[in-house]
Amino acid sequence: MKNTIKIIAAFLFLISTSCKAQQMVQIPEDTYKLKANELQFINQPLKDLLKEIKPEIKLVMGTIDSPSYFSFRFQSREELNKKPLDGTTIGLFVYIKEPLDWNFDKRPKGKEYEWSKEDVEKYGNLTVIRIKVTGNKK
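Have a look at this one:
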């Protein structure tokens, strides 16, 4: 009987760990879910929040003021320049605890505004202290 329970428990554990949960943000308009679940991300590494975002981040800006924050967009600069300023563009602002080492002039030429895997490695362990989402839901 004990062995049967152990086998069933092991089987359930394998099933639960092999099922991948769906990311919280499937489309840019879902970004509001991050704000609604903000407490889940406060005092956690930025990389944990980024794992919940499926759409590609096409534009990023870092602000070194206090508090430091990242501004993430799901549109490129070119796309934003073509779009009317009607408040429908979703913006994700992630404030971090630590000072931000962000120097626009030292970023790769032509890719100053692009979020890269190297950025995730460099900034992923920074601590989230606040999430702000701007833009209107469609």
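In terms of mature numbering (1 follows the signal peptide of the UniProt record, and there is no 0), the sequence shown is residues -21 to -1, 1 to 117.
Note that beta-carbon positions come from the ideal geometry of N, C-alpha and C, so glycine has one too.
**DSSP bridge partner residues for S55 (one or two, in chain order)** = According to DSSP, which records beta bridges pairwise, S55 is partnered with nothing at all.
**Message:** Counting C-beta neighbours from all protein chains within 10 Å, is the total for R56 16 or more, i.e. buried, or is it exposed?
**Reply:** By the neighbour-count rule (16 or more Cβ atoms within 10 Å), R56 is not buried but exposed.
**Item:** Unbroken beta strand (DSSP E) run spanning F74, endpoints
**Value:** According to the sequence shown, residue 74 is Tyr rather than Phe. From DSSP, the beta strand (DSSP E) with Y74 extends over 70 to 75.
**Prompt:** If we ignore side chains and look at the alpha-carbon of each, how far apart do E8 and I32 end up?
**Reply:** Straight-line measurement puts the Cα of I32 at about 11 Å from the Cα of E8.
**Message:** Using a Cβ distance threshold of 8 Å, determine whether the region 90 to 97 contacts the region 69 to 77, with at least three qualifying pairs required.
**Reply:** no
**Prompt:** Name the DSSP bridge partner or partners of Y48?
**Reply:** T42, Y74
**Item:** Residue of P87, V107, D84, N60 minimising C-alpha distance to P78
**Value:** Here the closest residue by C-alpha is V107.
**Contact set for residue 140: own chain, Cβ-Cβ below 6 Å, skip 5 residues either direction** = No information on residue 140 is available, as it lies outside the stretch -21 to 117 that the chain covers here.
**Prompt:** Considering K111, what are the terminal residues of the beta strand (DSSP E) in which it resides?
**Reply:** K111 -> beta strand (DSSP E) spans 107 to 113.
**Euclidean distance between Cα positions of D84 and S45** = 20 Å
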